[in-house]
Each structure stands twice: as C-alpha cells, then as structure tokens.
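Below: the structure, in structure tokens.
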Amino acid sequence: MARPPRVLIVDDDPFVVEGIAALLTDEGYRSATACDGQQALDQIEHARTLPADERFGVAIVDLGLPKLSGTELLRQLRDRHPDVVPVVITGYARIESAVAAMKLGATDYLTKPVIDEELLRAVERAAHHHALVGENQRLRDQLEQRFGLGNLVGNDPRMQKVYDLIQTVADSKTTVLVSGESGTGKSMVARAIHTHSPRADHPLVTFACGSIPETLLESELFGHVRGAFTGADADKPGRLLAADGGTLFIDEINSATPTLQLKLLRVLQERAFEPVGSTHTHHVDVRFILATNQPLEPLVADGTFREDLFYRINVVNLEIPALRDRPADIDLLAEYFLNQHAEEMSKQRRLAPATLDALRQHLWPGNVRELENAMERAVLLSQSPTIQPHDLPEHIAHTNAPARHIPATDSATQHGAAAVITTEPSTQAQSLAETLEHTERLAIENALAESLGNKQHAAKQLGINRTTLYKKMRKLSIPIDQN
C-alpha cells in the first residue's frame with residue numbers, strides 16, 4: 053500500500069497546530085506546520101523540488117490566517133497547486149465561508165474545536181482524493197506516452213494487457229478483432245492502434261454496421277454508381293475507398309447481413325471490391341480493425357455468422373473487460389470524467405463519499421460510456437461544488453444491486469491489484485445472469501421513464517446507441533412502443 057501523503061497544518065494557534073500534529077503522527081501521517089498563508093505557500097513550493105514522496109498532498113487550513121488569508125491560500129492552491137487537497141478548519145463557521153471554501157476546492161469544512169475522529173475522516177478523504185488525482189495523472193501520462201490517448205483509463209490487470217496488445221499489434225498490418233460489450237471503449241482502442249501504426253498519417257474511417265439501415269449497408273461500405281438503385285443520382289465512393297492507405301474500423305460486425313459478410317470476406321482476402329451497380333474492380337490498401345459487442349462463436353454455431361469470415365478476422369482478439377468486472381477502476385474513471393467535463397464547463401466539482409458509494413454499487417450495463425454520461429450530467433446539473441447522489445441519474449443513485457465493498461484506496465494506491473468484492477447474502481439465491489438481467493431491465497425502464505419514452509434520449513443516458521437499446525428491449529420483453 054502506498055505511503056500516506058504529507059500533511060501541511062496551517063494555523064496561527066500553536067496549541068492547535070501541536071494537537072493536530074500529534075494526532076496525525078499517531079495515525080501514521082507525516083506532517084509539517086506553517087503559521088500563516090505565505091509561509092504555507094513557500095513550504096509547498098519548496099516541497100515541489102523534493103522527491104514525490106516528500107511533497108504535500110493535503111493541507112489543513114485555518115481561514116483566519118495572518119499575512120495571506122485562508123481564503124486566498126485556498127485560491128492559490130486551486131490555481132497553482134491543484135494536487136494539494138485542502139481541509140478547512142475555522143473558529144467562526146458561516147454558511148457563506150463554507151460555500152466559498154468548497155468552491156475553492158476544500159473537501160471538508162470543520163468548526164473548532166475539531167473532534168479528532170471527524171478531522172481524521174476528513175484527512176483520509178482528502179488523502180484519497182489526492183491519490184485519485186495523482187493516479188489519474190500517472191495513467192494519463194503513461195497512456196499519452198505509449199499511445200497518445202488518455203481516455204483509456206484503468207489500472208486493472210486486464211486493461212494493462214489491453215495496453216500491451218495495442219502496442220504489440222500497432223506496427224503490423226494484422227487484422228484485429230476487438231471484443232467487448234457496448235460502451236467499453238472499442239472505438240478508442242481502434243483509434244489507439246491506428247494512431248501508433250505506420251498508417252497514422254492516413255485516414256481512420258469508421259463503419260458502424262449496427263447504426264446504418266440494412267438497405268444502405270453495402271452502398272455505404274462499397275459505394276455505388278449512378279443509377280445503381282432508386283435515388284442513386286450520382287456516383288458515391290464508399291468507406292472502403294475513403295480508408296485507402298489507412299485503417300477501416302468496422303464496428304458491430306456481429307450485425308452484418310449474410311450478403312455483407314460474403315463481400316467482406318472477399319475484401320479481406322483480396323483487398324478488392326466492386327461498388328454497388330458497377331463491374332469495375334477497385335483495389336485498396338487498408339488495415340482492418342473490427343469490433344463485436346457479443347461473442348461471435350455462438351453466432352457461428354447457429355449459422356448466423358459465417359465460419360470462414362470468423363476465422364479470417366479472428367487473427368488477434370483483443371478483449372475489453374466490462375466495467376462491472378473491473379470495479380477498482382470505477383473511482384479512477386469517475387474522477388477522470390468529472391475533471392474532464394468540469395474543466396470544459398469551467399466549473400469546480402468533486403464527488404461526495406456517498407456518490408462514490410453509489411457509483412461503486414451500480415453494475416454499469418452501459419459500461420464506461422454510461423459512467424462518462426453520468427459524470428457529464430452531474431457536472432452540468434449540480435448546483436453545489438460537491439456532487440451528491442441525487443445529482444446522478446435516478447437508476448444509478450438508487451441502484452438496487454448487492455453492495456460491493458471496494459476499499460477506497462485500492463483503485464488509487466494498489467497498482468494493478470484487483471479489488472475484493474463481497475455481496476450481502478440474500479434470502480433467495482440468484483444467478484449472476486439473473487442479477488444482471490434484473491439490473492439491466494431496471495436501468496432501461498428507469499431511463500425510458502426519465503426520458504418520457506424517448507428512445508434516443510434513453511439510449512444516450514444509458515451510454516449505448518439506439519439500435520442496441522432496441523435489441524436489449526426485445527431481449528428483455530420490454531414493449532418497444534411504450535410511452
């Protein structure tokens with residue numbers, strides 16, 4: 053487990069400073085003291101020249117400081133040292149000053165005389181927040197260095213394997229099959245592979261089988277000539293020709309029609325095709341990355357998916373785990389998306405402990421995309437600097453899933469360690485499939501209710517596309533035409 057961060061105690065009362073320092077020492081924290089705001093800033097600046105382990109991660113700040121006020125110190129920390137997380141203590145509690153402190157980044161606001169247990173809990177929360185921020189930055193730096201893509205955030209060993217495979221396959225021309233549920237980040241993986249391949253200066257073109265009407269699939273992929281069908285008033289090049297020299301990412305290949313599968317097989321074998329309505333053969337230099345949101349083997353077994361095409365595309369299978377299978381990454385991802393959207397909207401936001409608990413308990417049928425959408429919504433709609441559970445979509449804030457106990461420090465301080473998950477015993481045992489189906493049904497029904505039956509809005513809230521929503525509704529026998 054990582055060493056707790058150093059804590060800077062900033063107060064002009066020597067008795068308060070001495071008492072807090074002794075309390076923190078007993079709990080294993082290292083601390084230093086400053087008697088005014090300017091001295092605190094000087095110490096923080098100096099610590100930045102020291103090894104990372106000796107820098108400050110938490111500052112306990114009294115608002116009534118000489119030379120540089122506590123409020124101004126908070127502002128300086130926010131602007132110049134956002135990795136130092138402040139906890140405010142004051143002898144003169146006022147609602148206005150509490151709100152101001154929270155807006156300036158304080159995670160807690162305590163009134164003197166401070167109760168030891170409350171202060172320790174506040175420092176622990178601040179230390180956890182500091183660790184999350186640092187871990188997010190470390191992962192982003194690592195991913196930017198390796199792939200130039202910071203959105204693939206995760207510390208789970210299976211995600212580390214994904215990163216390694218991206219690096220391995222990027223330089224080759226090998227066809228890659230990316231497997232994973234909707235919302236797990238398959239398109240980001242495809243972009244990472246392309247960005248670090250020799251084809252990076254050429255186009256990355258996406259063709260989503262599941263979002264294009266069946267009657268237009270072949271025309272969109274292969275193009276068509278004038279007069280090929282009713283409405284074809286002019287020649288149109290398809291996605292294949294647009295991707296010549298670069299990479300073609302075919303998403304939801306499991307949705308491809310039998311005719312499209314047959315034509316794709318020829319393209320993969322010969323790198324040649326004819327536009328719809330034409331006899332002229334085009335030859336292309338294209339690297340193929342395909343993605344599926346369901347296992348292809350059962351589709352091959354029941355004859356829905358061509359066996360020869362399966363073996364042609366299943367050269368390298370890169371599987372992305374569902375978010376529920378890497379729960380220790382939830383805190384990291386939530387913090388990452390929170391900061392990303394808060395910065396875009398010029399807001400200061402943080403997650404309340406109860407909000408993190410709600411996020412950890414949700415089973416995330418929409419995976420990472422659903423989590424990102426939830427964070428964007430929370431930043432947009434929250435009226436307070438601290439995001440509470442009621443700022444989340446209702447189906448997440450009131451998740452009726454078995455409680456998952458994830459140590460708060462696992463995702464931030466245990467590199468690559470999987471979290472321990474325990475569930476409360478129920479009076480009636482349920483299989484994992486039944487639990488997931490119940491949760492998925494509840495999430496879809498709540499999203500439909502919140503969006504007043506608007507399927508497009510419900511799909512966006514769930515982090516899936518509308519086609520996938522319809523498929524799930526049919527599978528779960530949820531009426532398509534419900535209002």
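The opening position of the sequence shown corresponds to residue 53 in the numbering used here, with each subsequent residue numbered one higher.
Ideal Cβ positions, reconstructed from N, Cα and C, are used throughout, including at glycine.
Computed from a predicted model, the values in this text were never measured in an experiment.
With three or more CB-CB distances shorter than 8 Å, the stretch 437-453 counts as touching the stretch 396-415. Counting only runs of 4 or more residues that sit fully inside the stretch 67-154, the alpha helix (DSSP H) segments are 89-99, 122-132, in chain order. In terms of Cα proximity to V69, the closest of V136, D168, D94 is D168. Within the stretch 316-391, complete alpha helix (DSSP H) segments of at least 4 residues are found at 349-353, 359-365, given in chain order.
Closest option to L93, judged by alpha-carbon separation, among P289, G232, P138: P138.
Contact check between the stretch 350-363 and the stretch 390-399: fewer than three CB pairs, one atom from each, fall below 8 Å, which does not count as touching. K164 sits in coil when the DSSP states are folded into three classes, being neither helix nor strand. Judged by DSSP in its simplified three-state form, I264 adopts coil rather than helix or strand. The continuous stretches of alpha helix (DSSP H) do not include V277, and DSSP gives it neither H nor E. Assignment of I448 by DSSP, reduced to helix, strand and coil, places it in the helix class. Ranked by how close their Cα comes to the Cα of L500, the residues D296, M427, P531 have P531 in first place. In the three-state DSSP reduction, V257 falls in the strand class (E or B). Within the same chain, and ignoring the five residues on either side of V319 in sequence, the residues whose Cβ sits closer than 6 Å to its Cβ are F325.
Beta-carbon to beta-carbon, E422 and G232 are separated by about 14 Å, too far to satisfy the 8 Å threshold.
Membership of L415 in any beta strand (DSSP E) is not indicated, and neither H nor E is assigned to it by DSSP. DSSP, reduced to helix, strand and coil, places D443 within a helical segment of the structure shown. Cβ-Cβ distances below 8 Å link E272 to F259, I264, G290, R291 in the same chain, with the five nearest sequence neighbours on each side left out; the list follows chain order. Residue pairing from DSSP leaves K213 without any beta-bridge partner.
Under the three-state reduction of DSSP, V59 is assigned to strand.
C-alpha of I72 to C-alpha of S121: approximately 20 Å in a straight line. Going by C-alpha positions, R251 is about 14 Å away from V336. When C-alpha distances from L229 are compared across P165, A153, L528, I365, the shortest belongs to I365.
Here the alpha carbon of L172 sits roughly 11 Å from the alpha carbon of I112.
For the pair S249 and A286, the CB atoms are not nearer than the 7 Å cut-off.
Within the model, the alpha-carbon separation for V431 versus L390 is close to 7 Å. Contact annotation, N369 with N306: C-beta distance approximately 13 Å; criterion of less than 8 Å not satisfied. Put simply, the backbone Cα of A145 is about 10 Å away from that of L115.
Beyond the five residues adjoining it in sequence on each side, R55 comes within less than 7 Å, by CB distance, of D105 in the same chain, given in chain order. Of the residues A179, L504, I516, the one whose Cα lies closest to the Cα of Y81 is A179.
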